[in-house]
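K.L.:
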DNA sequence: GTGATTCTGGATATCTAGTGTCTAGAAATC
DNA sequence: GATTTCTAGACACTAGATATCCAGAATCAC
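Residue numbers (my numbering), protein chains in the order written: chain A, 1 to 156; chain B, 157 to 312.
Here it is in structure tokens:
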């Protein structure tokens, strides 16, 4: 899993605490990330409908929907793409006693087992929203939202 | 997930149908895989204790244990390594109001959520053995074991 | 309108991990 | 002793991830 996922998760959490758009540079300074590259990930989130962007001064990125409506799976899929972790290359089609017309991504017992496991993973991720994580964080660190807002104001 | 996982899974299934050691070349011919590279994966499975190898004529690879005792997770971990899919780089440690002494792989709510999801995935894989898959295959294709043995004998 | 800020998209460079080959050597068989 | 096969390491190639840069468009402040 690429590092962009971690960046995107934390970016979405921070944006959930902020009302005004935040530019890439500010978000990057927040965690000392490479600004131009982070911007690419944020663009990807925009294309996925998770963020919205506005150009110009006082522009930047905001959450496109309520944090309750953004699951961790949404973010992972946006950054990593919709492909499965395990890719079945249908090597069975080269095996003995097999026919060319079969889609082994469906019929191969390994492909099915791997897909079942992945579904369990995706189900967990789909069941956890940015709002859930935010509640977890605020439970342990009630000062986190204020800290974040203060730091953002400071960097502006 | 690398290609080697698919190869390793099918190799283990086929070896579960065979009593005598099978050399790399035969296994590679089976699915038209690059022999030298497949051999590397098989060596990895040997180091993980999943296969045993014997040198010399009539040598090759065999399952080291009963197929009931080899889970899909065993094979995945052997090939891919024990690292988690989501690597927490603890970018929070650069954030505001945070201290250097904290292990964010434990305390970051995202790291925990991602790990929980991965545990669900691993649980599924750990619960499915090569024997289970073999039973699935034989249920749909009772001729599979005989086909495999015939093809192996032919290639020998 | 002009200039400054910021996003967008594409081109490009670099680094890393996965893929693959090759060879010398060790182990086992015949 | 000759052959087969695994082992281990060196090496090359490729694809994807990481990262930078720039020209252009959108927006805002003045």
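Heads up, the beta-carbon is just placed ideally off N, CA and C, and yes, glycines get one too.
Could you tell me which of B:241, B:234 and B:289 sits nearest to residue 196 (chain B), measuring between CA atoms?
P.N.:
Residue B:234 is the option with its Cα nearest to residue 196 (chain B).
K.L.:
Measuring alpha carbon to alpha carbon, tell me which residue in B:191, B:201, B:228 and B:205 is nearest residue 112 (chain A).
P.N.:
B:228
K.L.:
At a CB-CB cut-off below 7 angstroms, which residues of chain B make contact with residue 133 (chain A)?
P.N.:
265, 266 and 269
K.L.:
If you draw a straight line from the alpha carbon of residue 84 (chain A) to that of residue 302 (chain B), how long is it in whole angstroms?
P.N.:
32 angstroms
K.L.:
Can you check whether the C-beta of residue 31 (chain A) is within less than 8 angstroms of a C-beta belonging to chain B?
P.N.:
yes
K.L.:
Secondary structure at residue 215 (chain B), three-state DSSP: helix, strand or coil?
P.N.:
coil
K.L.:
Closer than 8 angstroms is the cut-off here; do at least three beta carbon pairs connect the region 206–223 of chain B with the region 170–180 of chain B?
P.N.:
yes
K.L.:
I'd like to know whether the C-beta of residue 156 (chain A) is nearer than 8 angstroms to at least one C-beta of chain B.
P.N.:
no
K.L.:
Check the Cβ of residue 183 (chain B) against every Cβ in chain A and list those closer than 9 angstroms, keeping chain order.
P.N.:
Here the premise fails: no neighbours, minimum Cβ distance about 11 angstroms.
K.L.:
What is the residue span of the alpha helix (DSSP H) that residue 16 (chain A) lies within?
P.N.:
4–16
K.L.:
DSSP three-state call for residue 33 (chain A): helix, strand or coil?
P.N.:
Under the three-state reduction of DSSP output, residue 33 (chain A) falls in the coil class, being neither helix nor strand.
K.L.:
Where residue 29 (chain A) and residue 127 (chain A) are concerned, what is the direct C-alpha to C-alpha distance, given to the nearest angstrom?
P.N.:
Between the C-alpha atoms of residue 29 (chain A) and residue 127 (chain A) there is a straight-line separation of about 31 angstroms.
K.L.:
Could you check whether the Cβ of residue 91 (chain A) sits closer than 8 angstroms to any Cβ belonging to chain B?
P.N.:
yes
K.L.:
Could you pull out every residue in the same chain whose Cβ sits closer than 7 angstroms to the Cβ of residue 263 (chain B), ignoring the five residues on either side in sequence?
P.N.:
Excluding sequence neighbours, residue 263 (chain B) sits near nothing in its chain.
K.L.:
Can you tell me which residues form a DSSP beta bridge with residue 207 (chain B)?
P.N.:
B:219
K.L.:
Expressed to the nearest angstrom, what Euclidean distance is found between the alpha-carbon atoms of residue 300 (chain B) and residue 34 (chain A)?
P.N.:
Distance from the CA of residue 300 (chain B) to the CA of residue 34 (chain A), rounded to the nearest whole angstrom, comes to 53 angstroms.
K.L.:
Please decide whether residue 85 (chain A) counts as near chain B, where near means a Cβ-Cβ distance under 8 angstroms.
P.N.:
yes
K.L.:
In chain order, what residues of the same chain lie with their CB nearer than 8 angstroms to the CB of residue 129 (chain A), ignoring the 5 residues before and after it?
P.N.:
Excluding positions up to five away in sequence, the list reads 67, 68, 69, 70, 71 and 72.
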